[in-house]
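Peer 1: Under our numbering, the residues of the sequence shown are numbered 553 to 735, in order. Ideal placement from N, C-alpha and C gives every residue a C-beta, glycine not left out. The structure displayed is predicted, hence computed values, not measured ones. Sharing a structure here in structure tokens format.
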Amino acid sequence: MNTVNKIDELFDRVNKIGVFISGIAILLMMFLIALEIVLRSVFSSSIPGSYLIVENYFMPLAVFPALAFAFASGIFPRLEVVVDKVKTITTKTSIIVFVMLVELICSVIIAYYGFVMGIEGTREGRAFLAGNTYLPIHPFFYFVGISFSMLSIKIILMIFKLVLSKGEYNPYETNEDPQDKNN
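This is the structure in structure tokens:
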């Protein structure tokens, strides 16, 4: 159990890097959109392809690097209502593991097809037209595969923690701030 906790802590640090990348992408997206509005309103001109740059570069960077962190934080819908009504720890653990295995299968499939799309995009040299210039889009296809692979790893770690703790660890509990509990 100690090893799983250490791996999970290391993985959480990596996830925080993803959150930082997503935050920077959102900041740059806001800056580009604001600049575009100012240029259109004041100078009656625009940045060629700014909408496509936001859509194809910044939005994937805003969503996918933070996906595993968001899942681990407990903000996604869960089956807490069903699990809380179950009396025995064994049944409760079995239900949680089953649901997490379904989530794992889905995330592995999405990761696989994300990598396939990235490889095909690289092979074909996929790009989009921004003004008069073609900008490559294929590197950003890999974010889907990488993000869902990280999500799969996080789910596996959560399953291990649940099974090794014999039901004491509950992945459906949200990570609340301890100061909120004291007030």
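Does the segment 638-645 come close enough to the segment 576-595 to have 3 or more Cβ pairs within less than 8 Å?
Peer 2: They do not touch, by the three-pair rule.
Peer 1: My understanding is that methionine 652 touches isoleucine 707, with C-beta atoms under 8 Å, so please give their C-beta distance in whole angstroms.
Peer 2: Translated into the one-based positions of the sequence shown, residue 652 becomes position 100. Translated into the one-based positions of the sequence shown, residue 707 becomes position 155. About 6 Å; that satisfies the 8 Å criterion.
Peer 1: When DSSP labels each residue in this structure, what does threonine 640 get in the three-state scheme?
Peer 2: Locating residue 640 in the sequence shown gives position 88, counting from the first residue. Coil at threonine 640, not helix or strand.
Peer 1: Can you tell me where the beta strand (DSSP E) with tyrosine 686 in it begins and where it stops?
Peer 2: Counting from one through the sequence shown, the residue named residue 686 turns up at place 134. 685-688 is the span of the beta strand (DSSP E), which, as asked, contains tyrosine 686.
Peer 1: Exposed or buried, what is threonine 685 when buried is set at 16 or more other beta-carbons lying within 10 Å of its beta-carbon?
Peer 2: For the purposes of this step, residue 685 is taken as the residue at position 133 of the sequence shown. It is exposed - the Cβ of threonine 685 has fewer than 16 other Cβ atoms within 10 Å.
Peer 1: Using only alpha-carbon positions, find the residue among Pro612, Tyr664, Glu632 and Ala682 that is nearest to serine 602.
Peer 2: Locating residue 602 in the sequence shown gives position 50, counting from the first residue. Residue Ala682 is the option with its Cα nearest to serine 602.
Peer 1: For phenylalanine 760, which of helix, strand or coil comes out of DSSP?
Peer 2: The requested residue 760 is not part of the displayed model; the chain covers only 553 to 735.
Peer 1: Chain B beta carbons: is any one of them nearer than 7 Å to that of methionine 582?
Peer 2: This model lacks chain B altogether; it includes just one protein chain.
Peer 1: Taking only three categories from DSSP, how would you classify phenylalanine 628?
Peer 2: The residue you call residue 628 lines up with position 76 of the sequence shown. Three-state result, phenylalanine 628: coil.
Peer 1: Using 6 Å as the cut-off, classify the Cβ of methionine 582 as near or not near the heavy atoms of the ligand MG, replying yes or no.
Peer 2: Questions concerning the ligand MG fall outside what the structure shown contains, since it holds no ligand whatsoever.
Peer 1: Would you give the residue range spanned by the beta strand (DSSP E) that phenylalanine 680 belongs to?
Peer 2: Counting from 1 along the sequence shown, the entry for residue 680 is found at position 128. Unbroken beta strand (DSSP E) run through phenylalanine 680: 679-682.
Peer 1: Smallest Cα separation from phenylalanine 693: which of Phe610, Glu655 and Val571?
Peer 2: Position 141 of the sequence shown, counted from the first residue, corresponds to residue 693. If we check each option's Cα against that of phenylalanine 693, Phe610 comes out closest.
Peer 1: Check whether the segment 583-595 and the segment 617-631 touch, using three or more Cβ-Cβ pairs below 8 Å as the test.
Peer 2: In short, these stretches do not touch, since the Cβ pair count stays below three.
Peer 1: Tell me whether glutamate 655 is buried or exposed, calling it buried when 16 or more other Cβ atoms sit within 10 Å of its Cβ.
Peer 2: Within the sequence shown, the letter at position 103 stands for residue 655. Buried.
Peer 1: Can you check whether the CB of leucine 591 is closer than 7 Å to the CB of serine 598?
Peer 2: As a position in the sequence shown, residue 598 is number 46, starting the count at 1. As a position in the sequence shown, residue 591 is number 39, starting the count at 1. It is a contact, given that the beta carbons lie within the stated cut-off.
Peer 1: Report the residue from Met710, Ser717 and Ile689 whose alpha carbon sits nearest the alpha carbon of glycine 677.
Peer 2: For the purposes of this step, residue 677 is taken as the residue at position 125 of the sequence shown. The shortest C-alpha separation from glycine 677 is found at Ile689.
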